[in-house]
Amino acid sequence: MSTHSNGSIVKIRIPPAIDTGPIIFVLMHHPRPRFSAPPFSIPLLATVLSCSVSFPRAQSIPSASPYTTTLVNLKGFQQPTRFDTRGEAVDAHDGEIAFFGGLYYLYGTSYDCGFRWGLPGAPFCGFKAYSSPDLAHWTDRGKLFDASTAAWQKSCDGNSYGCYRPHVLYNQAAKEYVLWINVYDNSTGFHVLTAKDPAGPFTEVADPKLAVNNTAPAAGLNNGDHDTFLDEDGTAYIAYTDWRTGGRIAIEKLDASFRSGSGSHVEGVTPGSTEAPALFRRGSLYYLTYSDPNCGYCATGTSYRTAPSPLGPWSAGKPFSSKSCGGQPSFVSSIALASGPALIYGSDLWNNQAKNEALANYYWAPLSFKPDGSLDTLVCRDNETLDLAVGEAGSQLPIPDLDATAGVDGFTGHCDIKAGIQRAQTFTATRTGTLTSVAFTTFQNGLPDAALQIEIHAANASFQPVGDALSTTAIEPGSIGWSARRITVKPGIPVVAGSRYALVAKSAAAQGCYGLEYNDTAPYRVDGVGGGEAYSNNGGGSFAAEAKRTLKFETTVRSTTALRGGSRPAWDGTADGAAEKPRPQGNVKVTVFPGDVDAKGSRLPPDAPTAGAAKAGVRYRIPSPER
2 MSTHSNGSIV KIRIPPAIDT GPIIFVLMHH PRPRFSAPPF SIPLLATVLS
52 CSVSFPRAQS IPSASPYTTT LVNLKGFQQP TRFDTRGEAV DAHDGEIAFF
102 GGLYYLYGTS YDCGFRWGLP GAPFCGFKAY SSPDLAHWTD RGKLFDASTA
152 AWQKSCDGNS YGCYRPHVLY NQAAKEYVLW INVYDNSTGF HVLTAKDPAG
202 PFTEVADPKL AVNNTAPAAG LNNGDHDTFL DEDGTAYIAY TDWRTGGRIA
252 IEKLDASFRS GSGSHVEGVT PGSTEAPALF RRGSLYYLTY SDPNCGYCAT
302 GTSYRTAPSP LGPWSAGKPF SSKSCGGQPS FVSSIALASG PALIYGSDLW
352 NNQAKNEALA NYYWAPLSFK PDGSLDTLVC RDNETLDLAV GEAGSQLPIP
402 DLDATAGVDG FTGHCDIKAG IQRAQTFTAT RTGTLTSVAF TTFQNGLPDA
452 ALQIEIHAAN ASFQPVGDAL STTAIEPGSI GWSARRITVK PGIPVVAGSR
502 YALVAKSAAA QGCYGLEYND TAPYRVDGVG GGEAYSNNGG GSFAAEAKRT
552 LKFETTVRST TALRGGSRPA WDGTADGAAE KPRPQGNVKV TVFPGDVDAK
602 GSRLPPDAPT AGAAKAGVRY RIPSPER
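The numbering of the sequence shown is our numbering, which starts it at 2 and goes up by one.
Spelled out as structure tokens, the structure:
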């Protein structure tokens, strides 16, 4: 990715045996400012977790049969957060969607660890992959390679221009996946890595050679935002931004290995001040979309050009979206629909030019064309329905002993938990037993200078916490990420079926804040009453219920008695991602997941011989995770 706003084409490849046409998705990515850093002004999604690590999970390959899926992009004027199958916010930006081996893959740059463009000392978070059978349920497949090494941190952390825009090609002859990433530590502006699996791990190979800026001074603004494209005849190309000429796009044919340029190229496809190219084909005509103009982490326009060949001659540019649906173009991917090929346009919905873009969302929708091949003006709809040629229904991962949940759909992030402001979410136990866990989805923004505290209280029928805390847990800022994630605490307290309780999130932070995910359509309901959220602006002195608002949460109860006549709320939520392991402690059992801590603050591995849940009133801290 370049230091400018960035848009690239995402390509989803369909196996030759499937006679369907491509679908184009446009994904907006987070552009970085070319000449000046944007002001850091937006709340970032911080990952608050029980310090659990996301591991790749087995995922079934969809059968080669049609499946209808819905892409949820907008919710009126709001941008709903996309959550993965564990209930964590999807954290992959400025990349692409691709189709390999019967699954859809999303590649992108991660921001959860706290990377901030242009901020010395900010760590590089690496690149992530997600896979999905339906473009709606995304399983976290982990990092594409280990980016925590000293070498990668030196190349990509906040002291540098950063590293961006992962794009993956499959080389049929070599039987390997080839990853191109944009960097600023060499002359060409790219590193290349290869793997035998689309999710990696990828291993770096020799630096590529390109026709443009190949001998430019290293570690400068040479080549930026790029896209890779595989033509129908097996020839691969790269489109990239030439910053030495002020942001003109160049296109170059790759060699047979896809690991380097061939020298055959065309320069100056655009006149300058552009970036984020996406190269794709429709019939016999080639298209190049791009951010017009370039701008770091901005909402920009998208323009396009056409040519009879990837190397031109290219037509004059034409705009087809003035605001790219609120973001910046990132990719166009070819996906097979039941009716034929489609091109999916992707746009990164940046978080108001924040230096950390963990809270950025996505807009994905098929492009439409006029009879003469020109692009229709992009219409930004809340939802898009696609009849996929290959796909099947995905699902959230189950949670053992789930008792209450708000699900994962329709939530939007907001950050205001700090000194003086508290949030409460009430819930009703449907079973008598032990409250083994409470998960609250949160994130950090603005470097909060105090811990987040999660308390469990009794609650009244007006959704207000009452009495002293039954359990208190303090989570240090270093254990809370920048994208929205579940932080799980283990109260280990008795609860009674039919009784109301409140999760209270608060902090003494004078700087920064902790976030929440909220939904104002009351997705959590018990006995016909929905919502359950309350707000305090006087440090917890009083709480006022906010109608129909629900915060994203879930609870688990190891039950002895179920609530008579009551039903457990339908679950469409998340999973802690570990096998259930009952551990004796007194008269209760607890379930141990990665990242759990005992009452002394010691981390409990899932295979621990014993484990204790925090008892009522016990204060303990979750140690900072290794990043």
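Where a beta carbon is used, it is the ideal one built from N, C-alpha and C, also for glycine. Remember, predicted model here, so these are calculated numbers, not experimental data.
> Apart from the five residues just before and just after Asn384, which ones in its own chain have a Cβ nearer than 6 Å to its Cβ?
Replying inline: Thr71 and Val73
> Measuring CB to CB, does Tyr346 end up less than 8 Å from Arg83?
Replying inline: no
> What does Phe370 pair with, by DSSP beta-bridge criteria?
Replying inline: Leu376
>> Looking at the strands, I want to know which residues DSSP matches up with Leu120.
In response: Its beta-bridge partners do not exist; DSSP assigns none.
> Is Ile455 closer than 8 Å to Leu376 when the C-beta atoms are compared?
Replying inline: no
> Since Tyr291 sits in a beta bridge, which residues does DSSP pair it with?
Replying inline: Ser304
>> Does Phe594 come out as helix, strand or coil in the three-state DSSP assignment?
In response: Reliability of the predicted coordinates at Phe594 is poor, the pLDDT of 37 falling under 50, and the value obtained from them is presented with this limitation in mind. If DSSP states are grouped into helix, strand and coil, Phe594 belongs with coil.
> DSSP state of Ala152, grouped into three classes?
Replying inline: helix
> Nearest to Arg486 by CA position, among Lys553, Gly499, Tyr162 and Gly447, is which residue?
Replying inline: Lys553
> If you draw a straight line from the alpha carbon of Thr110 to that of Pro320, how long is it in whole angstroms?
Replying inline: 27 Å
> Of all the options Trp139, Phe78, Gly115 and Phe125, which has the alpha carbon lying nearest to the alpha carbon of Asp635?
Replying inline: Residue 635 lies beyond the residue range present for the chain, which begins at 2 and ends at 628; the question has no answer from this structure.
> Among Asp141, Ala217, Gln329 and Gly284, which one has its Cα closest to the Cα of Gly297?
Replying inline: Gln329
> Are the beta-carbon atoms of Pro167 and Leu145 separated by less than 8 Å?
Replying inline: yes
> Between Thr561 and Gly434, what straight-line distance do the alpha-carbon atoms span, to the nearest angstrom?
Replying inline: 5 Å
> Identify the residues that DSSP records as bridge partners of Trp181: which are they?
Replying inline: His168 and Val193
> Just checking, does the region 193-207 make contact with the region 164-182 on the three C-beta pairs under 8 Å criterion?
Replying inline: yes
> Can the beta-carbon of Val213 be found closer than 8 Å to that of Glu268?
Replying inline: yes
> In three-state DSSP terms, what is Trp365?
Replying inline: strand
> To the nearest whole angstrom, what separates the beta carbons of Glu518 and Thr442, a pair I think is in contact under 8 Å?
Replying inline: 5 Å
> Given that a residue counts as buried once 16 or more other Cβ atoms are within 10 Å of its Cβ, and exposed if not, what is Ser500?
Replying inline: exposed
> Under 8 Å between the Cβ atoms of Asp402 and Thr557?
Replying inline: yes
>> On the criterion of 16 or more Cβ atoms from any shown chain inside 10 Å, does Pro218 qualify as buried, or is it exposed?
In response: exposed
> Where does Cys381 sit, in a helix, a strand or coil, going by DSSP?
Replying inline: coil
>> By alpha-carbon positions, which one of Asn223, Tyr238, Asp186 and Leu211 ends up nearest to Tyr171?
In response: Tyr238
> Is the CB of Leu389 under 8 Å away from at least one CB in chain C?
Replying inline: Included in the structure is just one protein chain, with no chain C present.
> Hey, Asp92 and Asp113 are a contact pair by Cβ (cut 8 Å); roughly how many whole angstroms apart?
Replying inline: 5 Å
>> Residues in the same chain with beta-carbon distance under 7 Å from Lys549, minus the five sequence neighbours each way, listed in chain order, please.
In response: Asp521, Thr522, Ala523, Gly531 and Gly532
> With a Cβ-Cβ cutoff of 8 Å, do Tyr287 and Thr307 count as a contact?
Replying inline: yes
>> Using only the alpha-carbon positions, how far apart do Ala452 and Ala174 sit?
In response: 53 Å
>> Could you check whether Ile250 and Tyr291 sit closer than 8 Å to each other, using their CB atoms as the reference points?
In response: yes
> Taking C-alpha atoms, which residue in Gly318, Pro492, Pro311 and Ser310 lies nearest to Pro294?
Replying inline: Gly318
> Which class does Pro466 belong to by DSSP, given the choice of helix, strand or coil?
Replying inline: strand
>> Considering just the uninterrupted stretch of the beta strand (DSSP E) at Glu253, what are its terminal residues?
In response: Arg249 to Leu255
> If we call anything under 8 Å between Cβ atoms a contact, is Phe444 one with Ala359?
Replying inline: yes
> Closest by CA to Leu471, which one among Gly447, Leu255 and Leu436?
Replying inline: Leu436
> Does DSSP classify Cys114 as helix, strand or coil?
Replying inline: coil
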